[in-house]
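What follows is one structure encoded as C-alpha cells, with my remarks underneath.
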Amino acid sequence: MTVGQGLKTVVLISGNGTNLQAIIDAQQAGQLPVSFASVLSDCPQANGLERARTAGISTVVVDYRSCADRREFNRKLYDELGTLQPELIVLAGFMRIISDELTEHYQGRMLNIHPSLLPKYPGLHTYRRVLETGDAWHGSTVHFVTPQLDAGPPIIQYRVRIHDAETEQSLAARVQTGEYIIYPRTIEWIAERRLDLRDDTVWLDGQALRQPVIVDEEHAQPL
Ligand code: GAR
Numbered sequence: 000m001t002v003g004q005g006l007k008t009v010v011l012i013s014g015n016g017t018n019l020q021a022i023i024d025a026q027q028a029g030q031l032p033v034s035f036a037s038v039l040s041d042c043p044q045a046n047g048l049e050r051a052r053t054a055g056i057s058t059v060v061v062d063y064r065s066c067a068d069r070r071e072f073n074r075k076l077y078d079e080l081g082t083l084q085p086e087l088i089v090l091a092g093f094m095r096i097i098s099d100e101l102t103e104h105y106q107g108r109m110l111n112i113h114p115s116l117l118p119k120y121p122g123l124h125t126y127r128r129v130l131e132t133g134d135a136w137h138g139s140t141v142h143f144v145t146p147q148l149d150a151g152p153p154i155i156q157y158r159v160r161i162h163d164a165e166t167e168q169s170l171a172a173r174v175q176t177g178e179y180i181i182y183p184r185t186i187e188w189i190a191e192r193r194l195d196l197r198d199d200t201v202w203l204d205g206q207a208l209r210q211p212v213i214v215d216e217e218h219a220q221p222l
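Using numbering that gives the first Met the number 0, the first residue of the sequence shown is number 0, and each one after it goes up by one.
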C-alpha cells in the first residue's frame, strides 16, 4: 500500500537508514508532498527496513547475495522498480552500483546522496580520505544519478569546515546532520515541480544552476 499523498517515491537503502528516517519524518510532519510506494533494500538485515515497517511503508528486498552476479541483481531491481512504477527514486545509502540501463531509464527521476563535496572524493571512505589529504572543507552532495558513478549533475551541497581535532567519526556525524536537511529539501523541490534535469543541466525555480546550492553548517536551517 502506498503511504501518503503526492509524488510516488521509492527509497533504496542498504543499511541504517537515518536519511530514510529524516525523509519519513519530514513527510509525516506534512513538509514533503510525497507518497511512499516502497522501501527497497539489497540486504535483508538493513536496519532501515525496520524504520519503514514502523512507518507503515511496504518493503521489498532484492537480496544481492542470492543473485548469481551483478547482472541478475540489476535485472531483478529493474523488474521490481517496474512493478512499483515510481515517479521518483531516492538512493539513501544504497551501496550497490546500478546498471546503466536503470540509471538511463530513470534519468532525472533518480537522486543520490554522497558524503563528499563532489566532484571530490567519489567512491568509498570519503571521511578517511579527506582527513588524510588535509582539506579545509568536507560535506555531502545530493545529485541526479547518471551512469557515471557519483558524477551526475549536483543539486545541493552541505559544507562543513574541518576542525583541527577532527576524527572520521566526528566529521561523519556533522556531515550526516546536514544530510538530514539537504535531502528532504531536494525531494521537496522535486515534488513541488521546482527542480528538474534538462539535458545535463539542473533547473531550480526557472534558473539553470551553474553550481550546486551551498548550505554551510553555520547557516543551516532545518527544512
Ligand atoms: C549516508 O551518509 C550517505 O551519504 C552515504 O551512506 C550513508 C547512509 O547512511 N552514501 C554513500 O556513501 C553512497 N556512496 P544512512 O543509511 O544512515 O542513511
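By construction, the Cβ of each residue, glycine as well, lies at the ideal position given by its N, Cα and C atoms.
Item                                                                                                        : Value
Cα-Cα separation between Lys7 and Ser37, rounded to whole angstroms                                         : 9 angstroms
The ligand GAR heavy atom lying under 8 angstroms from the CB of Glu79                                      : no
Spatial distance of Ile186 from Gly92 (CA atoms)                                                            : 15 angstroms
Limits of the unbroken alpha helix (DSSP H) element including Asp195                                        : Run containing Asp195: none in the alpha helix (DSSP H); it sits in the beta strand (DSSP E), 194–197.
Environment of Glu131 [buried if 16+ CB atoms lie within 10 Å]                                              : exposed
8 angstroms contact criterion, which Glu167 and Arg127 should meet: CB distance rounded                     : 6 angstroms
CA-to-CA distance, Leu80 to Arg158, given in whole angstroms                                                : 32 angstroms
Collapsed DSSP secondary structure at Arg153 in the structure displayed                                     : With the sequence shown as reference, residue 153 is identified as Pro, and Arg is not the correct amino acid for it. In this structure, Pro153 counts as strand in the three-state DSSP scheme.
Closest Cα partner of Thr200 within the set Gly29, Ala190, Pro211                                           : Pro211
Segment contact, 8 angstroms Cβ cut-off, at least three pairs: the stretch 190–199 with the stretch 167–179 : no
Residue from Gln147, Thr140, Arg197, Pro146 with nearest C-alpha to Asp215                                  : Thr140
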